[in-house]
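Notes for the one structure printed next.
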Amino acid sequence: MSATTLITSMEKLLKLHRSLLDLTTKKADIVKKGDMDALNQLIKDEQKHLTAISMIEKERLAATVAIVPELEQPTVSDCLEKVEESEKQKLEAVRDELLETVKQIQEKNEHNQQLIYQSMQFVNFSLSLVAPQPESFTYGPPAGHKKTAPQSSGMFNSKA
Numbered sequence: 013m014s015a016t017t018l019i020t021s022m023e024k025l026l027k028l029h030r031s032l033l034d035l036t037t038k039k040a041d042i043v044k045k046g047d048m049d050a051l052n053q054l055i056k057d058e059q060k061h062l063t064a065i066s067m068i069e070k071e072r073l074a075a076t077v078a079i080v081p082e083l084e085q086p087t088v089s090d091c092l093e094k095v096e097e098s099e100k101q102k103l104e105a106v107r108d109e110l111l112e113t114v115k116q117i118q119e120k121n122e123h124n125q126q127l128i129y130q131s132m133q134f135v136n137f138s139l140s141l142v143a144p145q146p147e148s149f150t151y152g153p154p155a156g157h158k159k160t161a162p163q164s165s166g167m168f169n170s171k172a
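Written out as structure tokens, the structure reads:
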């Protein structure tokens, strides 16, 4: 395998990550609308993307091991020292684009998590307004009164 194989796998990863970024952007709109069916379908699409990314990541790892066999899990940066100058520039450019795209995906995911959390808080608040407050079903003193224990004058009650 050569650097060309690594560049090709990195370009595939970049394409998939860009598509995943588009999905995370759509997810924010779907969460805002509250469309659960669309959200379920989008999550399925995300899972397909993640499966494909995982497969191509294995290809990328195999290509990096072929370029730098002395390391167990070499990175793209490790490969940059071993490839020719023309391939080095292309590989750096694809790596930088991929890193930026992954960063954008992380930011969008954090935003989506906040939206989902806020939606859950709203639903819980709405439910607490609609649902009746639980009443005490046990016998006891009225609210605000403490239960007092009968006074005992020891272990043996002589009044009996």
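Going letter by letter, the sequence shown gives residues 13 to 172 in this note's numbering. Cβ atoms here follow ideal geometry from the backbone N, Cα and C, with glycine treated the same way. Computed from a prediction, not measured in an experiment: that's the story for all the values here.
- Between residue 109 and residue 26, the beta carbon gap of about 6 Å places them in contact (Cβ cut-off 8 Å).
- Following the DSSP letters along the chain, one finds residue 141 inside the alpha helix (DSSP H) bounded by residues 97 to 142.
- By the CB criterion at 8 Å, residue 113 and residue 35 fall outside the cutoff.
- Per DSSP, the unbroken alpha helix (DSSP H) holding residue 49 starts and ends at 48 to 79.
- With 16 or more other Cβ atoms from the protein chains shown falling within 10 Å of its own Cβ, residue 86 counts as buried.
- With 16 or more other Cβ atoms inside 10 Å of its own Cβ, residue 21 counts as buried.
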